[in-house]
Amino acid sequence: MWGGRFERGPAAIMEEINASIDVDKRLWREDIEGSKAHSAMLAAANIISAADARAIKKGLDMIAGEIASGDFVFSKRLEDIHMNIEARLKDLIGEPALRLHTARSRNDQVATDFRLYVRRACDEIGDAIRELQRALVAKAALHAATVMPGYTHLQTAQPVTFGHHCLAYVEMLERDRTRFLDARKRMNECPLGAAALAGVPYPIDRKKTAKALKFDRPTANSLDSVSSRDFALETLAAASICAGHLSRLAEEIVLWTSPHFGFARLTDAFSTGSSIMPQKRNPDAAELCRAKVGRIAGSFQSLLIVMKGLPLAYSKDMQEDKAATFQAIDDIGLALAAMTGMIGDLVVNEKAMREAAMRGFSTATDLADYLVRKLGMPFRQAHHATGAIVAIAEKNAKRLDQLKLADLRQIEPRVAADVFERLTVDASVAARASYGGTAPDNVRAEVARWQEKLK
Ligand code: ARG
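In terms of my numbering, the sequence shown opens at residue 27 and continues consecutively.
Encoded structure:
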């Protein structure tokens with residue numbers, strides 16, 4: 027392809043380090059799509075003949091068929107997907123194939139192919155996030171009033187509803203989804219026609235190729251076109267953040283399904299056994315989802331470091347962009363799908379959640395709020411008095427709602443019997459009806475809002 031001034035072929039190890047076909051063969055659809063758009067534009071601009079463009083299109087379609095059916099023979103000697111396809115085109119259609127590379131370079135070609143690939147990945151990841159959101163909203167609908175302990179520092183804090191907890195992840199995932207969409211918007215400019223780095227002397231129509239490939243517009247600077255990979259970095263950053271969120275949900279599934287919590291159970295479909303301990307039910311899929319962030323954030327780091335300090339414009343370093351990106355795209359897709367499966371599978375133990383929510387003096391804040399609202403006590407003072415009451419309960423190994431009115435009056439004589447109504451976990455969650463709060467009615471309204479949005 028480029029051997030005109032060379033006398034000998036490359037050393038075997040040179041070929042080994044130079045070839046990227048094993049990784050970039052995945053770009054075959056995008057490469058063919060890009061070449062079709064390019065040759066159609068060349069013909070429309072009278073840079074090649076209409077007959078050549080027709081032959082090129084026909085040949086490219088044949089190649090697509092060969093690759094799709096597994097008949098195509100990829101060659102390392104031909105380095106990458108671009109040259110593999112171009113060489114095969116020459117075999118199939120002869121001379122017109124030699125005109126396809128007019129007014130383009132592999133530099134703008136790969137930049138275009140890769141953008142197309144990452145753009146599609148952003149769309150698919152967005153769809154996968156939607157599926158997980160649907161699964162979480164469905165769980166939230168079932169458990170709008172299921173009380174569980176809410177934690178801070180993983181210490182019992184206040185009762186919350188499981189539905190509210192599920193919807194917290196729906197919110198996170200919505201930010202994740204829109205991060206991919208934002209990245210997509212910025213990357214949706216077409217580098218094709220920037221050629222090697224400086225543009226071309228032919229009367230090409232970059233708007234036409236941009237439109238044919240469904241980009242919003244052509245990129246404005248040829249040097250930037252072939253040398254930027256921040257579209258991939260941004261996608262990997264979005265994937266890293268999303269994977270971070272998945273790792274938190276995964277960790278909670280690990281906790282909830284452990285016998286110490288017993289809040290939920292995964293069915294056999296999402297559990298694994300131990301080869302030595304017959305009693306075990308392990309949440310392997312959750313653990314793997316928890317772990318994926320390592321590889322995904324690693325991919326982000328990897329590409330960032332590859333790109334750091336590269337002078338304009340293209341350098342071969344940039345060939346190392348794809349392995350990391352493809353890996354991360356695969357991993358986040360797999361993690362999202364597995365998580366969607368697990369959420370659907372998760373069987374909640376409402377009784378265990380409720381009992382846990384009743385422990386740990388979880389309604390102590392409700393007692394303090396009672397003192398504030400009923401007796402007009404300043405909150406700081408109410409906090410102090412409640413602390414003293416908790417100490418009494420703790421000493422007597424009682425829950426707050428099991429104390430006698432006399433116990434409470436030791437600390438605050440104005441307390442009335444109606445205080446006990448406030449100290450149940452149900453009253454506690456129902457009272458938190460402030461906007462964004464955990465009250466079952468709020469959760470039902472939020473479920474309805476999400477169901478509408480996710481239709
Ligand atoms: N395989 C190369 C890559 O992925 C294609 C671009 C090669 N360009 C070049 N000037 N050698 O980056």
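Cβ atoms here follow ideal geometry from the backbone N, Cα and C, with glycine treated the same way.
Boundaries cannot be given for G288, as no alpha helix (DSSP H) includes it and DSSP labels it neither H nor E.
Under the three-state reduction of DSSP output, R141 falls in the helix class. Ranked by how close their Cα comes to the Cα of H191, the residues L330, K165, E121 have K165 in first place. Burial of Q184 is indicated by the presence of at least 16 other C-beta atoms within 10 angstroms of its C-beta. The stretch 223 to 232 makes no contact with the stretch 194 to 209: fewer than 3 CB pairs, one atom from each, lie closer than 8 Å.
The C-alpha of L429 is placed about 7 Å away from the C-alpha of A419. Contact check between the stretch 82 to 90 and the stretch 166 to 173: fewer than three CB pairs, one atom from each, fall below 8 Å, which does not count as touching. By a beta-carbon distance limit of 8 Å, T138 contacts L218. Their separation comes to about 4 Å. The Cβ neighbour count for N72, taken over all protein chains shown within 10 Å, is under 16; the residue is labelled exposed. Between the C-alpha atoms of R291 and K424 there is a straight-line separation of about 29 Å.
L397 sits close to T412, with the two beta carbons spaced by under 9 Å. In the displayed model, N308 falls within a strand according to three-state DSSP.
Here the alpha carbon of L281 sits roughly 27 Å from the alpha carbon of D392. Pairing H409 with D467, the inter-Cα distance amounts to about 27 Å.
Remark: the C-beta of H108 is in contact range of the ligand ARG, defined as less than 8 Å to any heavy atom.
Judged by DSSP secondary structure, T391 falls within the alpha helix (DSSP H) whose first and last residues are 390 to 401. Residue pairing by DSSP places Y177 opposite T182 in a beta bridge. Per DSSP, S284 is not a residue of any alpha helix (DSSP H), being assigned neither H nor E. Here DSSP, grouped into helix, strand and coil, assigns E105 to coil.
Restricting attention to I93, R470, W476, T389, the CA atom closest to the CA of E447 is found in T389.
Its Cα nearest to that of A90, the residue L115 stands out among L115, I74, F32, Q305.
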